[in-house]
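Enquirer: Supplied in structure tokens, the structure appears directly below.
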């Protein structure tokens, strides 16, 4: 088995795991929110930590969704400019956009890592005493992954490999 086919298989597995985790997280959020509503309206209470857990799950879902969108360069984009530009300007504009996005995501990864470090130092807790930084690690990891992926999009724009050319 060649290295290229192994990398494709690994990429496929990573995509499937990402998709499964996203679907499972969304399902858990829906079930938890529904159960919270049932408890409040019919049982007369709710889990004290339920709303806080839902907020953390929204954070994770948002970052994981952004990571999934960035893997295929399908992130929110205003490509009106690219549609009307002459062909000779499209690649330089795409190069600039990939560099800009990678740099912004890299800066967000760096500063969110600093934030997680502060949360660790101040021993902030969530959900009945669990360290908050455990749940906030998605911030530097997610933004770091998006920066890495946009650098990959940059490489594919500037230097596509033979199997990437359509």
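Residue numbers (the numbering used here): 59 to 224. Just so you know, even glycine gets a beta-carbon here, dropped at the ideal spot from N, CA and C.
Can you give the Cα-Cα distance for residue 217 and residue 89, rounded to whole angstroms?
Expert: Looking at the two C-alpha atoms, the distance is approximately 45 Å.
Enquirer: If I follow the unbroken alpha helix (DSSP H) through residue 220, where does it start and stop?
Expert: No alpha helix (DSSP H) contains residue 220, which DSSP labels as neither H nor E.
Enquirer: If you follow the alpha helix (DSSP H) that residue 150 is in, where does it begin and where does it stop?
Expert: Taken as a continuous stretch (DSSP letters only), the alpha helix (DSSP H) holding residue 150 covers 145 to 179.
Enquirer: Excluding the 5 residues preceding and the 5 following residue 143 in the sequence, name in chain order all residues of the same chain whose CB lies nearer than 7 Å to its CB.
Expert: Cβ neighbours of residue 143 beyond the five flanking positions: 151.
Enquirer: Please list the terminal residues of the continuous alpha helix (DSSP H) segment that includes residue 129.
Expert: Its alpha helix (DSSP H) spans residues 108 to 129.
Enquirer: Bridge partners for residue 183 per DSSP, in chain order?
Expert: 189, per the DSSP bridge assignment.
Enquirer: Apply the 10 Å Cβ neighbour rule to residue 60 and answer buried if 16 or more other Cβ atoms are within range, or exposed otherwise.
Expert: Classification for residue 60: exposed.
Enquirer: Whose CA, out of 98, 173, 133, lies closest to the CA of residue 196?
Expert: When each option's Cα is compared against that of residue 196, the closest is 173.
Enquirer: Straight-line CA distance for residue 182 to residue 199?
Expert: Residue 182 and residue 199: Cα-Cα distance of roughly 19 Å.
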